[in-house]
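For the sequence shown, the residue numbers in the UniProt record's numbering are 1 to 131. All C-beta atoms, glycine included, are put in the ideal place defined by N, C-alpha and C.
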Amino acid sequence: MSASNTTGELTAAAENGRPIDAKNSGQWTTGLFDCFDDFDNCFKTFCCPFITFGRNAEIIDKGRTSAGDAARNYYILGNFGCAVSAASNVLFVKTQEHRELRNRGFDPTIGWAANVAKMNPPAVEPGMVAP
């Protein structure tokens, strides 16, 4: 399968709301400069990039770092000038990362534990009816 064909299939799956098999795809489903595809997140990231950073970090490291801890670290590093060189690209990078997580079936706004619960719903015992 060619790289362009794979990218097209991943994009189609993402546009249809189907989660992407992250282990096997190896391709980005969204472009770096597509931040206006999700205007709500784009605006939030422009105003408060540390929030998007924290939410993404919690999902990426599978809950080992809380969104609050990651956001605080980003904010502190940014205020001491350590992240100045990356500041101009934060909007593009963090919004792309956020869209990619959503396209792969995660919701960074609900945290790692809620995503795990969403992906592994409790089993319904025979004879029980879901509400």
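Original post:
What is the C-beta distance between N56 and E97, in whole angstroms, given that I count them as a contact (C-beta under 8 Å)?
Top reply: Counting from 1 along the sequence shown, the entry for residue 56 is found at position 56. Counting from 1 along the sequence shown, the entry for residue 97 is found at position 97. Correct: roughly 5 Å between the Cβ atoms.
**OP:** Measure the Cβ-Cβ separation of P49 and V90 and say whether it is below 7 Å.
**Re:** The residue labelled residue 49 in the question sits at position 49 within the sequence shown. The residue labelled residue 90 in the question sits at position 90 within the sequence shown. Cβ distance < 7 Å, so P49 and V90 count as in contact.
Subject >> 6 Å Cβ shell around R99 - same chain, five flanking residues per side excluded >> reply: Here residue 99 corresponds to residue number 99 of the sequence shown, with the count starting at 1. The residues are T30, D38.
Subject >> Alpha-carbon to alpha-carbon, G54 and F43 >> reply: Taking the sequence shown and counting its residues from 1, one reaches residue 43 at position 43. Taking the sequence shown and counting its residues from 1, one reaches residue 54 at position 54. Rounded to whole angstroms, F43 to G54 spans 16 Å at the Cα level.
Original post:
Does the beta-carbon of I76 have 16 or more other beta-carbons within 10 angstroms, so that it is buried, or is it exposed?
Top reply: What you label residue 76 is simply residue 76 of the sequence shown in a count that begins at 1. When all chains shown are included, I76 counts as exposed.
**OP:** Can you grab the Cα-Cα spacing for the pair S66 / P126, in whole Å?
**Re:** Locating residue 66 in the sequence shown gives position 66, counting from the first residue. Locating residue 126 in the sequence shown gives position 126, counting from the first residue. Rounded to the nearest angstrom, the two C-alpha atoms are 37 Å apart.
Subject >> Cβ shell of N95 (< 6 Å), same chain only, five flanking positions each side left out >> reply: Your numbering for residue 95 matches position 95 in the sequence shown. In the sequence on display, residue 95 carries Thr and not Asn. C35, N41, C42, T45, listed in sequence order.
**OP:** Excluding the 5 residues preceding and the 5 following T109 in the sequence, name in chain order all residues of the same chain whose CB lies nearer than 7 Å to its CB.
**Re:** On the sequence shown, residue 109 is found 109 positions in, with the first residue counted as 1. Only R55 meet the Cβ criterion.
Original post:
Is F92 closer than 7 Å to I59 when the C-beta atoms are compared?
Top reply: As a working mapping, residue 59 is identified with position 59 in the sequence shown. As a working mapping, residue 92 is identified with position 92 in the sequence shown. Cβ distance not < 7 Å, so I59 and F92 don't count as in contact.
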